[in-house]
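Everything on this sheet refers to the single structure shown next.
Numbering (the numbering used here), first residue to last: 253 to 457.
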């Protein structure tokens, strides 16, 4: 029993530390029923406050409602999601759920049912040092994968559908390149074996 209590307390402290960590955030695009989608961006309240102070320094907020509107505007100004042929999504009005872990939720319009590729850029927390956001895309029938948006990739990822999961476009290309390498190596081995056989045949003659 003590073991389970210890695990629970450890997990609770991990969640609390995440909720107070301005470096960490999550970006989740979730498919619901009837091909409807929602976007949820979560981070510590400190992170949102820091970004709002940076980008709205000339018009500081005076009420929680003003702060929430600035958060929504900031997200919309720093979020880009492109699909398939380059068409972009449309965000609904959006709501902000304030707390130690603050959540911003939008209804998303314009995602086709035959989604083949998606480009996500979330630079809402780029002004925070070592900022990184865990990106999740939950699509019905697809496996759950995690990707990272950070300074190294300019908080941007290009993903493609590969079977029943999303993969980074660069990884998909790398997989194709590996196949070509294997094919070339096998061809060279076959050619080498053929040459060796010809040489042995000539020696016998």
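Backbone N, C-alpha and C fix where the C-beta goes; we use that ideal spot for every residue, glycine too.
Bear in mind the structure is a predicted one, so any value in this text is a computation, not a measurement.
One or two residues paired with residue 410 in a DSSP bridge = 371
Sequence-distant residues of the same chain with beta carbon closer than 6 Å to residue 348, five excluded per side = Only 320, 323 and 356 meet the Cβ criterion.
Evaluate the contact criterion for the region 302-309 versus the region 332-351: three or more CB pairs, one atom per stretch, below 8 Å.
-> no
Let me know the secondary structure DSSP gives residue 314 once reduced to three states.
-> DSSP places residue 314 in coil when its eight states are reduced to three.
Start and end residues, beta strand (DSSP E) containing residue 359 = Under the DSSP assignment, residue 359 falls in the beta strand (DSSP E) whose first and last residues are 353-361.
Going by DSSP, what residues sit across from residue 283 in a beta bridge?
-> 289
Once you ignore the five residues that flank residue 282 on each side, which residues in its own chain have a CB closer than 6 Å to its CB?
-> 290 and 390
Sequence-distant residues of the same chain with beta carbon closer than 6 Å to residue 370, five excluded per side = 335 and 411
Could you check how far apart the C-beta atoms of residue 367 and residue 413 are, in whole angstroms? I think they sit under 8 Å.
-> 7 Å
Beta-carbon separation of residue 298 and residue 274 under 8 Å?
-> It is a contact, given that the beta carbons lie within the stated cut-off.
Within this structure, are the beta carbons of residue 385 and residue 279 separated by less than 8 Å?
-> Annotated as proximal: residue 385 and residue 279, with beta-carbon spacing under 8 Å.
Count the other C-beta atoms from every protein chain shown that fall within 10 angstroms of the C-beta of residue 214, then say buried if there are 16 or more, exposed otherwise.
-> Shown here, the chain extends from 253 to 457; a query on residue 214 therefore has no answer.
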